[in-house]
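Residue numbers (full-length UniProt numbering): 1 to 645.
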């Protein structure tokens, strides 16, 4: 039950009041919010009302037994039961995004009942999630210490495992890898999060190899949901950068029984998600193999033809997915939400499009965005030329409009309780480091936990209320941050790129290994480096390392804009645009909240349509082919970026 430390409270939960619908006032979460798939925010005054003089609100979550699964645990204390309640009411729903949270509830909770290590990990994740997202109310004192304590207990339980125990309970090992990865992501420790995800992928790959080697020996294979989770994490790692695998990418099979045949029409958003995740995994695996082969040198014709045949098997499957999705979307209830336009979100900067009588489903919007992006990305792979993106501006705009509507419908504006500033990071520093130097990005958190020794009378309300911010969101479902990052880094349309970058800066989302603030900072640097490439000549590519490095560090972007950066790059000054390409190769997460950006400048050359090669068209970075300055050459560099929280 939720109790609010305030003597006068109007009836109805925050979410229903903002949606302007009648609240049934069920505690702790009203049924109307649950049925609508919304997160009930409790019973308090709306924090976005703008009354800076209202008293500070303290939200107290009283633990309850959310399901019979947890009521059988007599050894849980009050704080632990409270964490489980918060997990079921908030964390599991947010992790699933706009889709059904079956994996995070039906899979995790039974294991938490049976296994102490999973129980401790779940408590740690729930407590850290409350600390991360609760910027508009004071978290319990020592909430971070409580989360870290249970995380340590879960780790110590794992250390006591032996190989025999792991073989007997593969689900437990994989669930722990998933929970540990999510916990580290919540802390902004993406290097450690990658390590835990890769550990799960390796366990899954090893189990599949053992099952294949001994088909008659009974094995405890993981559920399809667990396999899907690690397939998605593997795809995220490839999106960000293959080096995050810290070695060869483990080879494992995707669950193919449910996705072997594309249905004529999908039966639910989750059904469509299952198949598009499989397609994305196939496409990223294909691109990763092609990139690896091309990076090692020129791709032989027979290998290229084999890869091309594989690609031509993926493309028809996507066309079948599109047809099934369009038939599913033709049913109005599958595309549109059952809510009124006003119920969409308090975060909307503008009302839903006038062509829609009511907002579209958040799950539908995610699928629509990826449908549009897949069209453009498949065309880019098939043509072997990134310039093809200029012909797919309509697909980029479709994806971006869907993402913007999704953010409006799923975000909430809140006012930080401590008067702190928005967690939006400051602009990137001008002294980005290359090679051995380091540049620093500091993100200021709006979450403040009052010290236990501080009395209520000592808490001073700000004279001027702090500006409202978007409540931080953490999800492990198919999300929007990689979509915005792709559009912002690949598009040469200034309006498209700037809008994607603006949404990255404001949406305040973490989606697995993707962080919107960090992604926005990388986009800013990519824009700077692409501007340098556009003003660079082939002769400059042959400069000594020190001279070229000095040029990269000193050249500035004029007026914060790329010259001649419209679609197609034509017009005045387009000749330079034909000389040198810039390519962001990968992002590698490092310990202690650091990452390395690896990129290259390459002399542009003609490409062979239909030959699948890497983004650098098969040349080895740093290699100078014979033929002088006019020949193809690639120069590779690396920069380091730091962030806080």
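Each residue gets a CB set at the ideal place from its N, CA and C atoms; glycine is no exception.
Just so you know, these numbers come straight off a predicted model, no measurement behind them.
{"Asked": "Determine, using beta-carbon pairs with one atom in the segment 468-477 and one in the segment 401-411, whether at least three such pairs fall under 8 Å.", "Found": "yes"}
{"Asked": "Which residue from 118, 484, 171 puts its Cα closest to that of residue 227?", "Found": "171"}
{"Asked": "Just to confirm the assignment: which complete alpha helix (DSSP H) runs, minimum length 4, are found wholly within the segment 508-536?", "Found": "516-534"}
{"Asked": "Looking at residue 497: is its Cβ nearer than 8 Å to the Cβ of residue 491?", "Found": "yes"}
{"Asked": "Excluding five sequence neighbours on each side, which residues of the same chain lie with their C-beta closer than 7 Å to the C-beta of residue 520?", "Found": "501, 504, 505"}
{"Asked": "Does the separation of the CB atoms of residue 399 and residue 369 fall below 8 Å?", "Found": "yes"}
{"Asked": "Going by DSSP, what residues sit across from residue 594 in a beta bridge?", "Found": "590, 642"}
{"Asked": "Leaving aside the five residues before and after residue 380 along the sequence, list all residues of the same chain whose C-beta is less than 7 Å from its C-beta, in chain order.", "Found": "386, 388, 389"}
{"Asked": "Is the distance from the Cβ of residue 16 to the Cβ of residue 29 below 8 Å?", "Found": "no"}
{"Asked": "Can you check whether the CB of residue 191 is closer than 8 Å to the CB of residue 181?", "Found": "no"}
{"Asked": "Under DSSP, the alpha helix (DSSP H) around residue 383 begins and ends at which residues?", "Found": "362-383"}
{"Asked": "Report the residue from 374, 234, 112 whose alpha carbon sits nearest the alpha carbon of residue 317.", "Found": "374"}
{"Asked": "Identify the continuous alpha helix (DSSP H) that holds residue 489 and give its terminal residues.", "Found": "481-490"}
{"Asked": "Going by DSSP, what residue range makes up the alpha helix (DSSP H) through residue 398?", "Found": "393-410"}
{"Asked": "Go to residue 39, then tell me how far its beta strand (DSSP E) extends in each direction, as first and last residue.", "Found": "Unbroken run through residue 39: none, as it is neither H nor E."}
{"Asked": "With 16 other CB atoms within 10 Å as the buried threshold, where does residue 476 fall?", "Found": "buried"}
{"Asked": "Report buried or exposed for residue 494, applying the criterion of at least 16 other Cβ atoms within 10 angstroms of its Cβ.", "Found": "exposed"}
{"Asked": "Spatial neighbours of residue 235 within its chain, please: CB distance less than 7 Å, with the 5 preceding and 5 following residues excluded, ordered by chain position.", "Found": "280, 281, 284"}
{"Asked": "By a C-beta neighbour count over all protein chains shown, 10 Å radius and 16 as the cutoff for buried, is residue 135 buried or exposed?", "Found": "buried"}
{"Asked": "Check whether the Cβ atoms of residue 580 and residue 603 lie closer than 8 Å to each other.", "Found": "yes"}
{"Asked": "Go to residue 126, then tell me how far its beta strand (DSSP E) extends in each direction, as first and last residue.", "Found": "Run containing residue 126: none in the beta strand (DSSP E); it sits in the alpha helix (DSSP H), 116-133."}
{"Asked": "If you draw a straight line from the C-alpha of residue 77 to the C-alpha of residue 121, how long is it?", "Found": "16 Å"}
{"Asked": "Opposite residue 635 in the DSSP bridges: which residues?", "Found": "601"}
{"Asked": "Compute the Euclidean distance between the alpha carbons of residue 646 and residue 242, then round it to the nearest angstrom.", "Found": "A question about residue 646 goes unanswered here, because the residues of the chain that appear run from 1 up to 645."}
{"Asked": "Measuring CB atoms only, is the segment 95-114 touching the segment 151-159, in the sense that at least three cross pairs come out at less than 8 Å?", "Found": "no"}
{"Asked": "Answer yes or no: do residue 479 and residue 185 have a C-beta to C-beta separation smaller than 8 Å?", "Found": "no"}
{"Asked": "Determine the DSSP secondary structure at residue 99, reduced to helix, strand or coil.", "Found": "coil"}
{"Asked": "Could you check whether residue 474 and residue 133 sit closer than 8 Å to each other, using their CB atoms as the reference points?", "Found": "yes"}
{"Asked": "Going by C-alpha to C-alpha distance, which of 201, 125, 26 sits closest to residue 229?", "Found": "201"}
{"Asked": "Could you tell me which of 119, 271, 401, 291 sits nearest to residue 99, measuring between CA atoms?", "Found": "271"}
{"Asked": "Out of 365, 392, 366, 145, state which residue places its alpha-carbon closest to the alpha-carbon of residue 376.", "Found": "392"}
{"Asked": "Given a cut-off of 8 Å, decide if residue 325 and residue 396 are closer than it, judged by their beta-carbon atoms.", "Found": "no"}
{"Asked": "Distance, Cα to Cα, residue 97 vs residue 14?", "Found": "20 Å"}
{"Asked": "Using only the alpha-carbon positions, how far apart do residue 637 and residue 599 sit?", "Found": "6 Å"}
{"Asked": "Would you mind sorting residue 644 into buried or exposed? The rule is 16 or more other CB atoms within 10 Å of its CB.", "Found": "exposed"}
{"Asked": "So what does DSSP say about residue 336, is it helix, strand or coil?", "Found": "strand"}
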